[in-house]
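*Asks:* Structure below; questions to follow.
In the numbering used here, the protein residues as written are 1 to 398.
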């Protein structure tokens, strides 16, 4: 277990370099093939062990395990656009199993599953916070949720297997197990609240009190509200700014931001996002991502061999350009990124612009929830956990 945790944290500084090396030499698909290969090998080995060695013949157990595998491989497949992230899904599945092994002599009841899951969640939070503080690494709450989901699937599989191979199913939940699970869950919830509340303004206050943390001001803030905008002609997109704020910034900063975009045109895209984080430059940050997504899918569409693939990618490029034209118009026109009308019409003739569209740019997991709603949810859960512990403690000692 310790080896897995240490390897997860130790690889943070080097992960980007390793990913670039493998991607450039073997291709990005290597990550997906690696995860699928190892996961499939583990699954086949497990089923063979249960069937041949433990002589477990209940078909319904294997059907339930098959369902969990479908969820697992479906989640991995959903990461095909970011295949490097699939490695984390495998890592946290293995970590979840290792935590179960570590707890099995300490927690002799079914509380072991909750303790293992919440411990994996805690490791994931620390991992993601480490990435946030490290240069050229990006924080994303979705990564935490994916890691926890991987751990959950493994614990569910262990629970199903444990019911057939041990006496744990008959053992009553001890107060020790409940207390440990409660502490681990509470820590996870408090970290969630902390990250949600760490807005740029609060981060600045924190660095004022603790100057040695001033380097964090250059990083993307962990918290902050995201607005969901619906445009009948375009679709749905997300932004840290309201529509009025987008238009106001576009009018006031068009000249300055257009020059920045020109100056950075041939420089590193990830470096741009780090230099102009969304916390301090939301308009410029979001515009650059819309541009990147537009141009990326335009190139894919032009290179696609099949008509369906061509239409899919050109549709995304067209919609992203619509967002840029309508809400980043002045900055776009002054930059070197604006499309000619002829080019736009050529793409429009190939696609169906009336299809529904939802841009993922700027979207954050739980981003549309207010801070008050989040803390209300957390406090209710903490209160429920406390009440359950008090009731269980009284019954346990009576």
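Don't be surprised by glycine CBs; every beta carbon is placed ideally from N, CA and C.
Run the CB neighbour count on residue 103, radius 10 Å, all protein chains shown included, and call it buried at 16 or more, exposed below.
*Replies:* Counting Cβ neighbours within 10 Å, residue 103 comes out buried, since at least 16 surround it.
*Asks:* Determine the DSSP secondary structure at residue 337, reduced to helix, strand or coil.
*Replies:* DSSP places residue 337 in coil when its eight states are reduced to three.
*Asks:* What are the complete alpha helix (DSSP H) segments, minimum 4 residues, inside the stretch 355-395?
*Replies:* Complete alpha helix (DSSP H) runs here, min 4: none at all.
*Asks:* Could you give the residue range of the alpha helix (DSSP H) that holds residue 148?
*Replies:* Residues 141-165.
*Asks:* Please state whether DSSP places residue 236 in a helix, a strand or coil.
*Replies:* In the structure shown, residue 236 sits in a strand (DSSP, three-state: E or B).
*Asks:* Measuring only the C-alpha atoms, how far is residue 240 from residue 275?
*Replies:* When rounded, the distance between both Cα atoms is 18 Å.
*Asks:* Report yes or no: do the stretch 54-69 and the stretch 148-160 share at least 3 C-beta pairs separated by less than 8 Å?
*Replies:* Output reads yes: the stretch 148-160 touches the stretch 54-69.
*Asks:* If residue 56 and residue 50 are in contact, beta carbons under 8 Å, what's the gap, nearest whole angstrom?
*Replies:* Confirmed, Cβ separation roughly 5 Å.
*Asks:* Can you grab the Cα-Cα spacing for the pair residue 390 / residue 143, in whole Å?
*Replies:* If I take the Cα positions, the gap works out to 34 Å.
*Asks:* Tell me whether residue 197 sits in a helix, a strand or coil according to DSSP, three-state version.
*Replies:* Residue 197 falls in the helix class under three-state DSSP.
*Asks:* Enumerated in chain order, which unbroken segments of the alpha helix (DSSP H) with a length of 4 residues or greater are wholly contained in the stretch 272-344?
*Replies:* Those alpha helix (DSSP H) runs which fall completely within the stretch 272-344 and span 4+ residues are 282-303, 307-327 and 329-334.
*Asks:* Looking at residue 293 and residue 320, is the spacing between their C-beta atoms short of 7 Å?
*Replies:* Yes; because the gap between Cβ atoms is below 7 Å, this pair is in contact.
*Asks:* Taking contact to mean at least 3 C-beta pairs separated by less than 8 Å, is the stretch 353-363 in contact with the stretch 373-393?
*Replies:* With a cut-off of 8 Å, the stretch 373-393 and the stretch 353-363 do not count as touching, because too few Cβ pairs lie within range.
*Asks:* Once the 5 residues before and after residue 282 are set aside, which same chain residues still bring their CB inside 6 Å of it?
*Replies:* Excluding sequence neighbours, residue 282 sits near 240 and 241.
*Asks:* Residues in its own chain within less than 6 Å of residue 306 by CB, not counting five upstream and five downstream?
*Replies:* Excluding residues within five positions, none has a Cβ falling inside 6 Å.
*Asks:* Which two residues bound the contiguous beta strand (DSSP E) that contains residue 231?
*Replies:* 227-231 is the span of the beta strand (DSSP E), which, as asked, contains residue 231.
*Asks:* So, is residue 290 buried or exposed, given that buried needs 16 or more other C-beta atoms within 10 angstroms?
*Replies:* By the neighbour-count rule (16 or more Cβ atoms within 10 Å), residue 290 is buried.
*Asks:* Quick check on the DSSP output: the alpha helix (DSSP H) that includes residue 62 runs from which residue to which?
*Replies:* Segment 59-77, the alpha helix (DSSP H) holding residue 62.
*Asks:* Would residue 125 be called buried (16 or more neighbouring beta carbons within 10 Å of its own) or exposed?
*Replies:* Residue 125 should be labelled buried.
*Asks:* Is it buried or exposed, residue 98, if we count other Cβ atoms within 10 angstroms and call 16 or more buried?
*Replies:* The residue in question, residue 98, is buried, as its Cβ has 16 or more Cβ neighbours within 10 Å.
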